[in-house]
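Heads up: the sequence shown begins at 1 in the UniProt record's numbering, then just goes up one per residue. Everything on this sheet refers to the single structure shown next.
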Amino acid sequence: MQSNQPFTIYNASAGSGKTFTLVKAYLKILFSSNKPYLFKNILAITFTNKAVAEMKGRIIDTLKQFSDKDILKLDNPMFLSICDELNLRPPEQLHKKAITLLESIIHNYAAFDISTIDGFTHKLIRTFAHDLKLPLNFEVELDQESLLREAVDSLISKAGTDAVLTKVLVDFAIEKADDDKSYDVAFDFNKIAKLLVNENDIPFFEKIKDKTLDDFKALKSKLKKDINNEEAIIAEKAKQLLTQFETSGLEFKDFSGAYLPKHFEKLSNNNFNVAFGSKWQDNIENGTLYQKGLPQKQPEPLTVCNHKYF
């Protein structure tokens with residue numbers, strides 16, 4: 001394939017001969033030059049280590065076939081195709097070049113560079129480690145969970161030396177204990193840390209990457225103040241509703257299971273640890289909150305309560 005275009009794209013489905021086509025393209029670059037070590041200047045990149053091994057093996061095997069004198073007697077599709085496309089006549093030219101190239105690659109196999117995308121990127125980073133302000137002996141960790149655990153351990157180890165961080169960690173541990181949860185903050189941090197490597201969450205972390213602990217403390221303080229204000233409003237509304245029940249002559253026993261008044265009683269006492277999704281809560285919309293027969297006995301107070309609150 002002779003082309004002056006900067007890119008050539010091969011579109012092929014599985015099993016249609018992509019490896020054959022790529023090996024042929026690679027060999028054509030080698031055979032189109034008289035330099036026996038041109039392979040040192042060719043970069044071939046693929047996705048997996050398995051594909052790397054397959055590509056290298058196919059190239060070496062093909063060169064071995066071309067180096068065998070019997071190749072001139074056989075109708076090898078790739079051999080004949082390369083001869084035609086590079087206009088190498090007689091075919092002995094390609095045969096002799098294959099012998100030279102095979103020997104050059106075998107004697108300089110380390111320079112026979114076919115690698116994965118990750119491997120190529122790693123090589124680039126290591127080459128420019130100084131410019132990137134990375135230690136020259138840096139290591140690449142492929143186990144994400146191990147790396148995240150190490151990062152969490154490193155963060156927690158700063159407790160006692162960083163005053164601001166220490167207070168944040170201690171406050172978090174106390175809050176967990178107050179909620180009857182384990183005070184071990186490492187469990188929560190390891191769970192949250194997984195979001196850092198989730199591509200769907202990365203854009204959100206980009207928005208807060210410049211925030212400091214003081215910024216988060218200020219936000220936490222504001223949220224806590226807002227929550228306290230809302231809880232005060234809820235408690236006051238609950239007290240008003242209980243007062244309305246009493247004024248209307250309604251008792252706890254008048255309600256089905258007494259669920260509704262007990263619910264608001266908890267809220268009026270600033271107990272906001274309530275569960276939602278119970279059957280009686282669904283009945284608020286259906287109007288079946290009261291004991292059977294009660295609406296006939298006390299229609300007026302029920303009408304007042306329903307109209308005002310439900």
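Virtual Cβ for every residue (Gly too), placed ideally from N, Cα, C. Here the structure is a predicted model, which means the values were calculated and not measured.
Open item on the list: What does the alpha-carbon distance come out to for the pair Ile208 and Asp153?
Closed with: As a first step, residue 208 is located in the sequence shown; it is residue number 208 there, counting from the start. As a first step, residue 153 is located in the sequence shown; it is residue number 153 there, counting from the start. Cα-Cα distance, rounded: 22 Å.
Task: Bounding residues of the alpha helix (DSSP H) (the contiguous stretch that carries Thr247) - done: The sequence position of residue 247 within the sequence shown is 247, counting from 1. First-last of the alpha helix (DSSP H) with Thr247: Leu213 to Thr247.
Task: Beta-carbon gap between Val185 and Phe205 smaller than 9 Å - done: As a working note, residue 185 is residue 185 in the sequence shown. As a working note, residue 205 is residue 205 in the sequence shown. No, Cβ-Cβ distance for Val185 and Phe205 is not below 9 Å.
Open item on the list: So within the segment 44-97, which uninterrupted alpha helix (DSSP H) runs reach at least 4 residues, ignoring any that extend past its ends?
Closed with: 49-67 and 77-86
TODO: For my contact list, Met55 and Thr19 are in at a C-beta cut-off of 8 Å; report their separation, rounded to the angstrom.
DONE: Against the sequence shown, residue 55 aligns to sequence position 55. Against the sequence shown, residue 19 aligns to sequence position 19. At roughly 7 Å, the Cβ-Cβ gap stays under 8 Å, so Met55 and Thr19 are in contact.
Task: Whether Trp280 touches Leu260 by CB criterion (9 Å) - done: The residue you call residue 280 lines up with position 280 of the sequence shown. The residue you call residue 260 lines up with position 260 of the sequence shown. Yes, these two residues count as a Cβ contact at 9 Å.
Open item on the list: Going by the DSSP bridge assignment, what does Ser115 pair with across the sheet?
Closed with: As a working note, residue 115 is residue 115 in the sequence shown. Answer is Ile45.
Open item on the list: Tell me the rounded alpha-carbon separation between Ala25 and Leu134.
Closed with: One-based indexing of the sequence shown puts residue 25 at position 25. One-based indexing of the sequence shown puts residue 134 at position 134. Taking the straight line from one Cα to the other gives about 37 Å.
Open item on the list: Please return the same chain residues whose Cβ sits closer than 8 Å to the Cβ of Tyr183, not counting the five positions on each side in sequence.
Closed with: The residue you call residue 183 lines up with position 183 of the sequence shown. If we look at Tyr183 and ignore the five residues flanking it on each side, its Cβ neighbours are Ala173, Ile174, Lys176 and Ala177.
Open item on the list: Considering only their Cβ atoms, is the gap separating Ala51 from Asp113 smaller than 9 Å?
Closed with: Residue mapping note: residue 113 aligns to position 113 of the sequence shown, counting from 1. Residue mapping note: residue 51 aligns to position 51 of the sequence shown, counting from 1. Not in contact: Asp113 and Ala51 (Cβ atoms no closer than 9 Å).
Task: Residues bridged to Tyr290 (per DSSP) - done: Against the sequence shown, residue 290 aligns to sequence position 290. Within the DSSP bridge table, the entry for Tyr290 names Phe255 as partners.
Task: Three-state secondary structure (DSSP) of Thr21 - done: Along the sequence shown, read from residue 1 onward, the residue named residue 21 stands at position 21. Reduced to three states, the DSSP call for Thr21 is helix.
Task: Where the alpha helix (DSSP H) containing Ala177 begins and where it ends - done: Taking the first residue of the sequence shown as position 1, residue 177 is located at position 177. It spans Ala163 to Asp178 - the alpha helix (DSSP H) in which Ala177 sits, taken as one unbroken run.
Task: Lys194 and Glu141 closer than 9 Å at C-beta - done: Indexing the sequence shown from 1 puts residue 194 at position 194. Indexing the sequence shown from 1 puts residue 141 at position 141. Not a contact, by the Cβ cut-off of 9 Å.
Open item on the list: Can you tell me whether Leu63 is buried or exposed? The criterion is at least 16 other CB atoms within 10 Å of its CB, across all chains shown.
Closed with: Here residue 63 refers to the residue found at position 63 of the sequence shown. Looking at its Cβ environment, which holds 16 or more other Cβ atoms inside 10 Å, Leu63 is buried.
TODO: Would you mind reading off the limits of the alpha helix (DSSP H) that contains Asn202?
DONE: Locating residue 202 in the sequence shown gives position 202, where the first residue counts as 1. Sequence inspection shows Ile at residue 202; the Asn mentioned does not correspond to that position. Per DSSP, Ile202 belongs to the alpha helix (DSSP H) from Ile202 to Ile208.
Task: Local Cβ density within 10 Å of Leu74, reported as buried at 16 or more and exposed below that - done: Translated into positions along the sequence shown, residue 74 becomes position 74. If you draw a 10 Å sphere on the C-beta of Leu74, you find fewer than 16 other C-beta atoms in it, and that means exposed.
Open item on the list: Quick check: the segment 102-118 against the segment 77-92, are at least 3 beta-carbon pairs closer than 8 Å?
Closed with: no
Open item on the list: What does the Cβ neighbour count give for His307, buried or exposed, with the cut at 16 atoms within 10 Å?
Closed with: Your numbering for residue 307 matches position 307 in the sequence shown. Model confidence at His307 stands at a pLDDT of 48, short of 50, so the residue's coordinates are unreliable; what they give is reported in the following sentence. It counts as exposed.
Task: Distance between Ala275 and Thr243 (C-alpha atoms, nearest Å) - done: In the sequence shown, counting from the first residue as 1, residue 243 sits at position 243. In the sequence shown, counting from the first residue as 1, residue 275 sits at position 275. Cα-Cα distance, rounded: 23 Å.
Open item on the list: My output table needs one value for Met1: the three-state DSSP class, helix, strand or coil.
Closed with: As a first step, residue 1 must be located in the sequence shown, where it is residue number 1. With a pLDDT of only 44 at Met1, under 50, the local geometry of the prediction cannot be trusted, and the value read off the model is given with reservation. Here Met1 sits in coil by DSSP.
Task: Contacts around Thr121, its chain only, beta-carbon distance under 7 Å, and the 5 residues preceding and following it disregarded - done: By one-based count along the sequence shown, residue 121 stands at place 121. Closer than 7 Å at Cβ, skipping near neighbours: no residue.
Task: Own chain partners of Lys97 with C-beta closer than 7 Å, once the 5 adjacent residues on each side are dropped - done: Here residue 97 refers to the residue found at position 97 when the sequence shown is read from its first residue. Cβ within range, chain order: Phe31.
Open item on the list: Let me make sure I understand the geometry here. Which of Asp61, Gln93, Leu72 and Ala111 has the alpha-carbon closest to that of Asn41?
Closed with: Within the sequence shown, the letter at position 41 stands for residue 41. Residue Ala111 is the option with its Cα nearest to Asn41.
Task: Terminal residues of the alpha helix (DSSP H) in which Ile192 lies - done: The sequence position of residue 192 within the sequence shown is 192, counting from 1. From DSSP, the alpha helix (DSSP H) with Ile192 extends over Val185 to Ala193.
TODO: Whole angstroms is fine: what's the gap from Asp226's alpha carbon to Ser248's?
DONE: As a first step, residue 226 must be located in the sequence shown, where it is residue number 226. As a first step, residue 248 must be located in the sequence shown, where it is residue number 248. Spanning the two alpha carbons is a distance of roughly 33 Å.
Open item on the list: Can you tell me where the alpha helix (DSSP H) holding Val274 begins and where it ends?
Closed with: Reading the sequence shown from its first residue, position 274 is the one you call residue 274. Run containing Val274: none; DSSP gives neither H nor E here.
Task: Between the CA atoms of Thr48 and Leu101 - distance to the nearest angstrom - done: In the sequence shown, counting from the first residue as 1, residue 101 sits at position 101. In the sequence shown, counting from the first residue as 1, residue 48 sits at position 48. C-alpha of Leu101 to C-alpha of Thr48: approximately 25 Å in a straight line.
Open item on the list: Give the list of continuous alpha helix (DSSP H) stretches no shorter than 4 residues that lie fully inside the segment 99-152.
Closed with: Whole alpha helix (DSSP H) segments, 4+ residues: 117-127.
Task: Cβ pair Leu196, Leu132 closer than 9 Å - done: Residue 196 sits at position 196 when you count from the first residue of the sequence shown. Residue 132 sits at position 132 when you count from the first residue of the sequence shown. No, they are not a contact pair.
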